[in-house]
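Chemist:
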Amino acid sequence: EARRTGEFIGRSAELDALGGLIRAADQGAPSIALVSGETGIGKSRLLTEAAARSDCHLYIGRCVHVGGDPIALAPLIDLVRPPDGHAPKLLDGTSALEALAALLRPDPPAARASHDTGSIFEATLDLVDQLAGGQATLIAFEDLHWADDLTWDLFEFLARNLVDEPVVLIGTHRANETHAHPTQRQRLS
705 EARRTGEFIG RSAELDALGG LIRAADQGAP SIALVSGETG IGKSRLLTEA AARSDCHLYI
765 GRCVHVGGDP IALAPLIDLV RPPDGHAPKL LDGTSALEAL AALLRPDPPA ARASHDTGSI
825 FEATLDLVDQ LAGGQATLIA FEDLHWADDL TWDLFEFLAR NLVDEPVVLI GTHRANETHA
885 HPTQRQRLS
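Residues in the sequence shown are numbered consecutively from 705, following the working numbering.
#1: Does the distance from the C-beta atom of V896 to that of L842 stay below 8 Å?
#2: For L866, does the three-state DSSP call read helix, strand or coil?
#3: What separation, rounded to the nearest whole angstrom, lies between the Cα atoms of E895 and D773?
#4: Give the single residue among F859, D868, N865, R864 whose Cα lies nearest to the Cα of A778.
#5: Would DSSP call F766 helix, strand or coil?
#6: In whole angstroms, give me the CA-to-CA distance for G744 and Q731.
#7: Counting contacts by CB-CB distance shorter than 8 Å, is D833 in contact with chain C?
#8: So, under 8 Å CB-CB, L725 and A737 are touching, yes? Tell me the CB distance rounded to an integer number of Å.
#9: How many Å lie between H761 and A755 at the Cα?
#10: When the Cα of R785 is compared with those of Y763, I775, A776, which residue comes out closest?
#11: Put G875 into one of helix, strand or coil per three-state DSSP.
#12: In this structure, does DSSP put A728 in helix, strand or coil?
#13: Considering only residues of the same chain and omitting the five flanking positions on each side of G746, which have a CB-CB separation below 8 Å?
#14: Have a look at R878, A840, V832, C767 and flag the residue whose alpha-carbon is nearest the alpha-carbon of R727.
#15: Where T876 and L848 are concerned, what is the direct C-alpha to C-alpha distance, given to the nearest angstrom?
#16: Would you report the Cα separation of L719 and V739, rounded to the nearest angstrom?
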């Protein structure tokens, strides 16, 4: 959940735009936004400030790479384990989210591989709806420039399948890094 910290200067147009998307989500009209900028320009801070000003929840899933290789579906780990401890309870005993729970357990890789991508994507859509809990919520996939193909597919699946969830799905990325990769450039167009 976002907390307002310190003074925020500038970015009025961007904050107004995000505020409008949050208000629309609160009325049952989900939306998708991409936030682009160079390293350290304040993409994450912008999202935190927008959530705080709108008094809505913010859940951030970060794309991660280790040794130059992206970690598949890394944002899901953050989404189910936010700092407030809210989301892990969603996975307990919820059959609709069983695929996610199985994916995140320390089972042997063969057991995790038995879950098809479609069920994981559908379970993530259920998770996003439950994280929102009926009120406007920002769900961010940060650093999409480090995303693996499966994470990109998940982001696109969510973007295409939000119907009336009170969610603003946001992807952040470094423009210079995504534009250097033809596949990522194509996904953003």
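Quick reminder that beta carbons are idealized off the backbone N, C-alpha and C, glycines included.
Modeler: Quick look at the numbers:
#1: One cannot answer for residue 896 here, as it falls past the ends of the chain, which runs 705 to 893.
#2: Taking the first residue of the sequence shown as 1, we reach residue 866 at position 162. Coil at L866, not helix or strand.
#3: Since the first residue shown for the chain is 705 and the last is 893, residue 895 is missing from the structure and cannot be characterised.
#4: By one-based count along the sequence shown, residue 778 stands at place 74. Taking only the C-alpha atoms, the option nearest A778 is F859.
#5: Residue mapping note: residue 766 aligns to position 62 of the sequence shown, counting from 1. Before going further, note that residue 766 is Arg rather than Phe in the sequence given. Of the three classes helix, strand and coil, the one that applies to R766 here is strand, per DSSP.
#6: On the sequence shown, position 40 is the one that residue 744 refers to. On the sequence shown, position 27 is the one that residue 731 refers to. Their Cα atoms are separated by approximately 33 Å.
#7: No chain C appears in this structure, which consists of one protein chain only.
#8: Counting from 1 along the sequence shown, the entry for residue 725 is found at position 21. Counting from 1 along the sequence shown, the entry for residue 737 is found at position 33. About 6 Å; that satisfies the 8 Å criterion.
#9: Translated into positions along the sequence shown, residue 761 becomes position 57. Translated into positions along the sequence shown, residue 755 becomes position 51. H761 and A755: Cα-Cα distance of roughly 6 Å.
#10: As a first step, residue 785 is located in the sequence shown; it is residue number 81 there, counting from the start. It is Y763.
#11: Locating residue 875 in the sequence shown gives position 171, counting from the first residue. Correct three-state label for G875: strand.
#12: The sequence position of residue 728 within the sequence shown is 24, counting from 1. A728: helix per DSSP, three-state reduction.
#13: Within the sequence shown, numbered from 1, the residue matching residue 746 stands at position 42. Only R715 meet the Cβ criterion.
#14: Within the sequence shown, residue 727 is the residue found at index 23, counting from 1. Minimum Cα distance to R727 is reached at A840.
#15: Counting from 1 along the sequence shown, the entry for residue 876 is found at position 172. Counting from 1 along the sequence shown, the entry for residue 848 is found at position 144. So the two alpha carbons sit approximately 6 Å from each other.
#16: Position 15 of the sequence shown holds residue 719. Position 35 of the sequence shown holds residue 739. Roughly 11 Å between the two C-alpha positions.
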